[in-house]
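Q:
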Amino acid sequence: MSTRIFGSGIKRREDPRLITGKALYTDDMVLPRTLHMAVVRSPHAHARIKSIDIRAAKDAPGVMAVFTGQDLDCEPVPCAWLVPDADLKTPDHPALAKKRVRYVGDGVAVVLAESRYQAEDAAELVEVEYKPLDAVVDPEKATQEGAPRLYGGVPNNIAFRWVASSGDEEVEKAFEEADVVVSERIVQQRLLPTAMEPRAAMAQYNDASGEMTVWCTSQNPHIHRHAMGLVLGIPDNKLRVVAEEVGGGFGSKIPVYADEILVAWAARKLGRPVKWTETRSENYQATIHGRDHVEYVDLAAKKDGTMVAIRGKVYAAMGGYLSTAGPGVPTILHGLMYCNVYRFEHARCESIGVFTTTTPTDAYRGAGRPEAIFLVERLVDKLAAELEMDPVELRRKNLIPPFQDGYDVATGLTYDSGNYQAVLDQALEMAGYEDLRQEQEQARQDGRLLGVGVTTYAEICGLGPSQVAGATGFQGGLWESCIVRVSATGKVQVMIGTNPHGQGEETTFAQIVSDELGFPVEDIEVVHGDTDQTPMGWGTYGSRTTPVSGAALALAARKVKDKCKALAAHLLEAAQEDIAYEDGKFFVKGSPEEHKTIQDLALMATVAWDLPEGMDPGLEASQFYDPPNFVYPFGCHLAVVEVDRETGHVELKRYIAVDDCGPQINPVIVAGQVHGGVVQGVGQTLYEGAAYDEQGQLITGSMMDYTVPRADMFPNFELGHTETPSPHHPLGVKGIGETGTIASTVTVYNAVIDALRPLGVEQIEMPMTPPRVWKAIQEAKANNVTRKQS
Amino acid sequence: MKVSLTVNGTRYERDIEPRMLLVHFLREELGLTGTNIGCDTSQCGACTVHMDGRSLKSCACLAAQADGRQVTTIEGLAQDGQLHPMQEAFWEKHGLQCGYCTPGMIMAAAALLEQHSSPDQLSEAEIRHGLEGNLCRCTGYQNIVAAVQEAARHMKGGSS
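The listed protein sequences correspond, in order, to chains A and B.
Be aware that the first sequence starts at 679, since it is given in our numbering, and climbs by one per residue.
Be aware that the second sequence starts at 63, since it is given in our numbering, and climbs by one per residue.
#1: Give a yes or no on whether the minimum CB-CB distance between THR63 of chain B and chain A is below 9 Å.
#2: Please report whether the beta-carbon of ASP77 of chain B lies at a distance below 9 Å from any beta-carbon of chain A.
#3: What are the partner residues of LEU713 of chain A, as DSSP defines its beta bridges?
#4: How many Å lie between ALA987 of chain A and LYS931 of chain A at the Cα?
#5: Flag CYS101 of chain B as yes if its beta-carbon sits less than 9 Å from any beta-carbon of chain A, otherwise no.
#6: In chain A, what lies closer than 9 Å to PHE87 of chain B by C-beta?
#7: If you reduce the DSSP assignment to three classes, tell me which class VAL1430 of chain A lands in.
#8: Using a cut-off of 7 Å between C-beta atoms, extract the partners of ASN205 of chain B located in chain A.
#9: Only counting the same chain, and skipping five residues up and downstream in sequence, which positions put a Cβ closer than 7 Å to that of LEU1053 of chain A?
#10: Compare the C-beta of PRO165 of chain B with all C-beta atoms of chain A and state if any pair is closer than 9 Å.
#11: Does the Cβ of LYS981 of chain A have 16 or more other Cβ atoms within 10 Å, making it buried, or fewer, making it exposed?
#12: To the nearest whole angstrom, what separates the beta carbons of VAL1309 of chain A and ASP1094 of chain A, a pair I think is in contact under 8 Å?
#13: Round the Cβ separation of ALA878 of chain A and TRP954 of chain A to the nearest angstrom and send it over; I've been treating them as touching at under 8 Å.
#14: If I follow the unbroken beta strand (DSSP E) through CYS1314 of chain A, where does it start and stop?
#15: What does DSSP give as the partner residue(s) for ASP976 of chain A in the beta ladder?
#16: Could you name the residues of the same chain whose beta carbon sits closer than 6 Å to that of ASN205 of chain B, not counting the 5 residues immediately before and after it, in chain order?
#17: Are the C-beta atoms of GLY740 of chain A and some chain B residue less than 9 Å apart?
#18: Beta-carbon within less than 8 Å of MET679 of chain A's beta-carbon, same chain only, minus the 5 sequence neighbours each way: which residues are those?
#19: Since ASP706 of chain A meets chain B, which of its residues come closer than 7 Å, beta carbon to beta carbon?
#20: Just to check my reading of the structure: ILE1161 of chain A and GLU1298 of chain A have Cβ atoms closer than 8 Å, yes? What is that Cβ distance to the nearest angstrom?
#21: Taking 8 Å as the cut-off, does the segment 801-809 of chain A touch the segment 1022-1039 of chain A (at least 3 CB pairs, one atom from each stretch)?
#22: Report the rounded CA-to-CA distance for CYS1139 of chain A versus PRO1408 of chain A, giving the unit in angstroms.
#23: In the DSSP assignment, find the unbroken beta strand (DSSP E) run with VAL1130 of chain A in it and report its ends.
#24: Counting only beta-carbon atoms, is GLY71 of chain B nearer than 9 Å to chain A?
#25: If I follow the unbroken beta strand (DSSP E) through ARG918 of chain A, where does it start and stop?
#26: Straight-line CA distance for GLY1151 of chain A to LYS736 of chain A?
#27: For MET679 of chain A, which of helix, strand or coil comes out of DSSP?
#28: Can you check whether the CB of GLN105 of chain B is closer than 9 Å to the CB of VAL1386 of chain A?
#29: Should LYS119 of chain B be labelled buried (16 or more other beta-carbon atoms within 10 Å of its own) or exposed?
#30: Name, in chain order, the residues that DSSP records as bridge partners for PHE928 of chain A.
#31: Hey, out of B:ALA172, B:ARG89, B:ILE99, B:VAL133, whose CA is closest to ASN70 of chain B's CA?
#32: Which chain A residues sit within Cβ distance under 7 Å of THR201 of chain B?
#33: Just list the residues that DSSP pairs LYS809 of chain A with in beta bridges.
#34: For the segment 1180-1213 of chain A, which segments carrying the alpha helix (DSSP H) assignment without a break, of at least 4 residues, lie completely within its bounds, in sequence order?
#35: Under DSSP, the beta strand (DSSP E) around THR72 of chain B begins and ends at which residues?
#36: Closer than 7 Å, Cβ to any Cβ of chain A: which residues of the segment 147-178 of chain B, in chain order?
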């Protein structure tokens, strides 16, 4: 038996085109007679549009057309996660604002010109007269009486109020009867997803055939096709969406955006291809943002450290409009994870979605789950300090015991499998935890501020069972489908409905097929990102591609294998149950020397000269797969930081990540996902934060002002893993795309607070920049002096 | 205005707007779309190319300024069908995910090593510092650093 391809860290199959500059991203596409679109965007956070004068722009060189909201005859931009039982308000979101703008960057007009330079020049000539209105950028303040209102029909700007509770009375009682309650107000600052490729779209309409093709930067081209078809009134069998090469998404390329709709609308209107690519500054204004919560959270415990109940009240900014999946993020993806890996008896989340005069928010890597794990782990550390317990021992005391097939938590979820003790043990061993604490003690005596943060986490991903999607208001299913097609020469095409954009499934999915059928990976091409070439699927996000699409693929490959067995039995003149399979060869049990290779069978199935009676020609299988449950990866992360007390600078000295995503198809790719996720999570703790001023101006409007983490900010991370298969997945695998982000923000946060504990610092606003840390140190020193004096 | 420059060994003459950026010249006039654009403030480095052997953010340079110069883009890095050691190393060490920053990152890293007489002596910290002008949102940089170290072992002596 050769080395198994499943589990092997082979080099990625997508890389040759990417390292040579031969990859074609949306903005690289060129069509003859293309018009370039520029969007005129509101400079005000909140204003009435009094008038728009397009005359000068229309007369500018190269300009073909200028359109405003009054010209549009398509449906509004849809929201697709209509969370039920939450009094959800869904005001219209026109692709171009007609009467009122609701964030800086809201589109008011588009200019179509022969070149991009001409389009941008002319966009500057569009004169819009605004009557500015008051802005409100803080989601908590926006709900208060007297706050500026964004919509007539939305009192207090409350878009929805959603509650998930294990029982309100029981939760109340648990808090009343608790020996200890720890509480915190947490601000999850707004983040800019910053996929390195800005968004882009190009559309071509054929008015003779009625066919529309849209190339765009999408994580989910089938959702784009479905939604754009409805908005533009194009039958979806005439609408093709292509997003073959996408330069990162992190959630920001899930939504169906106004700009994409405008490109397609204008292409149809003008009868010429239309292309638009955002600048980075435009990206920061008009591409969705992430996070932006104000949370009030409490944890109830017994004196001995037994954690009993947890609750949170969350004000979650939705921005000026509801983005495609916006309402699902601070609700379903957030409030159901309040138990994390602990045996809480009671849990409650009240999530209030709030309109603010800011860029709409939506799923950003982790989407609701980093916020949940942050608040739980923050409270656990706070409880440990309160009880003067070691934070590791407190966690260990409350961990859910190991389970292989289902564990019900108080929020109503059934986790699939977990062994939280094992990841904790491994991380502590890798870190040398006892020694670290001694080192910390010594450092403190030397006047140095060394801190350790430890997080145990589980996350919900592999979205998800379609029944759950329906029950939670998602306007679609969450199943996946795929086709495995084998040619006469034994070459394989795998068509999937998901759309990897950096995660490496062109490689890992080839490994799945190779493992199941014995074709060499070089003979397997994974096709994605083109709705005309791939079967329906709901896209790549929520760490769902391998858990859902990968399951469909494994089952499709097994169908192919079953057919091969039947054909081999016929050709070898044996009964099907006597056929064995090994390494791409089919043979009668006990006689491996006389065999049919998978390639032999592909040829015979395709030419169909000699098939068993009743067998259809061809070697191809199609498979739909709706997962019976989510998957729940888990792990333990540990950070060591040192704070410079003179400057407030935080140095991340070590970072240990032990994650369990079940069996790893390609451990090199898994590690890459963890590295990237950790940097994004730590980016939130230490560096990143989108800021608005009181007038609603985005003051982090470019890469000059928003800190995207750089190479010199991090050490090499130390990775470990355990392997606990999911009981319901055909390959046992779970997702790994978001774990790093989910676990790392709070791990480093807790490490910094741990470092500053001798000074009495309990909280610092994120990102924990040197000025903020320095200020916290100075304030703590001042308080200590005051305390001593009084 | 007329410009004349050599890109990947081929001499091009074009009549362009004086304000045209080098990156737009490469992408739109020459169709060399391997050089990507990731920002509008010269922070991200996705558009890094070599001009007369030194790395340069091609969004921070007018095409006019490249008149008479030698420019190498990612498309011109491989020689005679052989990947450059830096390209090989990025592939070998999983130094890329979505690939969008990769051409600029490879060009910047290749120039970083070329500038050192003994690139294999560069420390991890020096490599990280040397790449701070190039942003990657996917990899967390760890495997990029590993790739540069790997390439350095193959580029000993400052030439590939």
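Note that CB positions come from ideal geometry on N, CA and C, so glycine has one too.
Computed from a prediction, not measured in an experiment: that's the story for all the values here.
A: With the structure as the only source:
#1: According to the sequence as given, residue 63 of chain B is Met; it is not Thr. It does not; no Cβ of chain A falls within 9 Å.
#2: no
#3: A:VAL952
#4: 36 Å
#5: yes
#6: Those do not exist, as PHE87 of chain B stays about 12 Å from chain A at its closest Cβ, beyond 9 Å.
#7: helix
#8: GLY1350, HIS1353
#9: ILE864, GLU973, VAL975, GLY990
#10: yes
#11: exposed
#12: 6 Å
#13: 7 Å
#14: 1312-1321
#15: A:SER861, A:ARG989
#16: LYS155, HIS156, GLY157
#17: no
#18: Reliability fails at MET679 of chain A, whose pLDDT of 47 lies under 50, so the model's placement of it is uncertain and the value that follows must be treated cautiously. Excluding positions up to five away in sequence, the list reads GLU1260, ASP1261.
#19: THR95
#20: 7 Å
#21: no
#22: 16 Å
#23: 1127-1136
#24: no
#25: 917-920
#26: 43 Å
#27: With a pLDDT of 47 at MET679 of chain A, under the threshold of 50, the predicted position of this residue should be treated as unreliable, and no value is reported.
#28: yes
#29: buried
#30: BP columns for PHE928 of chain A are empty, so no partner.
#31: B:VAL133
#32: GLY1350, HIS1353, GLY1354
#33: A:ARG726
#34: 1183-1195
#35: 72-77
#36: GLN149, PHE152, TRP153, GLU154, HIS156, LEU158, GLN159, CYS160, GLY161, TYR162, CYS163, THR164, PRO165, ILE168
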